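Report on one structure; see the data block that follows.
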Amino acid sequence: MSRIQSGLLALLLALSLPAAAVDTLIPAQPNAEDPVIEARLINLADDLRCLVCQNESLAGSHAELAEDLRREIREQMKAGKNDQEVVAYLTERYGDFVLYRPPFKPVTWLLWLGPVLFLGIGGGAWYMTLRRRRAVQDLPVDEKKLAAAAQLLEENK
Amino acid sequence: MKRWLPLVLFLILVGFFAKGLFLNPREVPSPFIGRTAPAFTLPLVEDPSKTFSPADLKGQVWVLNVWAPWCVSCRQEHPVLMQVAQSGRVPLVGLNWKDKQREARDLLARTGSPYFAVPEDLDGKVGINYGVTGTPETYLIDQAGIVRMKHIGPISPEVWQDKFDPKLKELGV
Chain U
1 MSRIQSGLLA
11 LLLALSLPAA
21 AVDTLIPAQP
31 NAEDPVIEAR
41 LINLADDLRC
51 LVCQNESLAG
61 SHAELAEDLR
71 REIREQMKAG
81 KNDQEVVAYL
91 TERYGDFVLY
101 RPPFKPVTWL
111 LWLGPVLFLG
121 IGGGAWYMTL
131 RRRRAVQDLP
141 VDEKKLAAAA
151 QLLEENK
Chain D
158 MKRWLPLVLF
168 LILVGFFAKG
178 LFLNPREVPS
188 PFIGRTAPAF
198 TLPLVEDPSK
208 TFSPADLKGQ
218 VWVLNVWAPW
228 CVSCRQEHPV
238 LMQVAQSGRV
248 PLVGLNWKDK
258 QREARDLLAR
268 TGSPYFAVPE
278 DLDGKVGINY
288 GVTGTPETYL
298 IDQAGIVRMK
308 HIGPISPEVW
318 QDKFDPKLKE
328 LGV
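These protein sequence lines map, in sequence, to chains U and D. End of the first sequence = 157 in the numbering used here, gap-free, step of one. End of the second sequence = 330 in the numbering used here, gap-free, step of one.
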């Protein structure tokens, strides 16, 4: 590559960087055409993950991919698909990762039942501790030793 | 034993966090592995009067590379793809994703094209159909048109060596 060519490439790269950055910041455009579909879209997209900014919902994300996916959902809703069908379309392509509420199935059993499990373990430990304490309190008191202890205390006064 | 229990639990927890720390959040497992690659027909960047469709490569192992002229890390993998193209081992199809400025043709003319065909996915719908989250993403598709592997991010020589090469050998290419 000649020096001029590589210089041009460097310039092109420098120019394309800010352009790409701006490109990803297209704000969510409200679609006033059909308020019913828009309400359904926002309701559904609130529970879906944006795959670019992974901690944002599809409804709140300004990433370009999120915009495209919202458009896709909107079109499918207009075509008469119900919410389950739209979600199925997305999970078929992006997997369960796109769902903020993962489905209950063998791989997610620990995820869903984990809190109950840990509550059970904690509750069990608590119960055992209480029982042990009660056992300590219920020890039979040896009258002789008690008298000896009282005497020792008396002596140290 | 009992006094060590909290330490053991703590270390288990640290183990989980350490594992989580080294996971790549972009590496979302693709539900497409083992499933038929979605069909599409798109015009070629080189010549819009011609089209490309996955059915054109039926009976062959091929690689679908989703890229875009505006994508910086795609330039990183470009030399690796050029080498693959030169080896003639497997055809590369470069899905030109959301190239609204229509820059692909000029760019490829300048840098050289590793691609067998460059279908143009202007509105990104085909990419979405393949579960693309960003460029570059690369799919390995077998003779029966089934997706065998997906790689997210640029292909380095190591990635090609460790991920693609064994899979291609397995497929007899």
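Glycine residues also receive a C-beta, built at the ideal position from the N, C-alpha and C atoms. Bear in mind the structure is a predicted one, so any value in this text is a computation, not a measurement.
Residues are counted here when their Cβ sits less than 8 Å from a Cβ of chain D; for the region 36–59 of chain U these are L51, V52, Q54, given in chain order. Take the alpha-carbon of A59/U and the one of A194/D: they are about 28 Å apart. A Cβ-Cβ distance of about 17 Å is found for the pair F189/D and S210/D, leaving them out of contact under the 8 Å criterion.
Annotation for V283/D: F197, L199, L252 place their beta carbon closer than 7 Å to its own, counting only its chain and skipping 5 residues before and after.
The distance from the Cβ of T292/D to that of V223/D is about 6 Å, consistent with a contact at the 8 Å cut-off.
In the structure shown, W112/U falls within a helical segment according to DSSP collapsed to helix, strand and coil. Taken atom to atom, the span from the alpha-carbon of G172/D to that of L178/D is near 10 Å.
Bounds of the alpha helix (DSSP H) holding L238/D are 229–244. Of the other Cβ atoms in all chains shown, 16 or more fall within 10 Å of the Cβ of D299/D; this residue is therefore buried.
Relative to S244/D, the option among R192/D, V289/D, D322/D, P226/D whose CA is nearest is D322/D. The contact set of R93/U on chain D, defined by CB atoms closer than 8 Å, consists of P188, F189, I285, N286, Y287, G288 in chain order. Boundaries around I42/U are those of the alpha helix (DSSP H), 35–45, since no beta strand (DSSP E) includes it. Collapsing the DSSP output to three states places R49/U in a strand.
The C-alpha of P115/U is placed about 40 Å away from the C-alpha of P140/U. For V304/D, the three-state secondary structure derived from DSSP is strand.
Just so you know, the alpha carbons of G269/D and K105/U end up roughly 48 Å apart. The C-beta separation of S61/U from Y100/U comes to about 12 Å, leaving the pair out of contact by the 8 Å criterion. Annotated three-state conformation of Y272/D is coil, per DSSP.
With contacts defined by Cβ atoms closer than 8 Å, C231/D and P311/D form a contacting pair. DSSP places G284/D in the uninterrupted alpha helix (DSSP H) bounded by 282–286. Here C53/U has S61, A63 as same chain residues with Cβ atoms under 7 Å from its own Cβ, once five neighbours each way along the sequence are excluded.
Nearest to P35/U by C-alpha distance, out of A135/U, A149/U, R133/U, M77/U, is M77/U. In this chain, the beta strand (DSSP E) harbouring T295/D covers 294–298. Not a single C-beta of chain U is nearer than 8 Å to the C-beta of G310/D. Interface with chain U (8 Å Cβ-Cβ cutoff): G281/D is included. The beta-carbon of D68/U is placed less than 8 Å from the nearest beta-carbon of chain D. Around the beta carbon of D319/D, a 10 Å sphere encloses fewer than 16 other beta carbons of the protein chains shown; the residue is thus reported as exposed.
E85/U has a beta carbon lying at 8 Å or more from every beta carbon in chain D.
Going by beta carbons, L238/D and P271/D fall inside the 8 Å limit. Put simply, the CB of F97/U is near chain D, with a gap under 8 Å to one of its CB atoms. Among the residues facing chain U, G251/D is not included, as its CB has no counterpart in that chain under 8 Å away. Here the alpha carbons of L328/D and I309/D stand approximately 21 Å from one another. Sorting L279/D, V241/D, Q217/D, P236/D by C-alpha distance to the C-alpha of R259/D places L279/D at the top.
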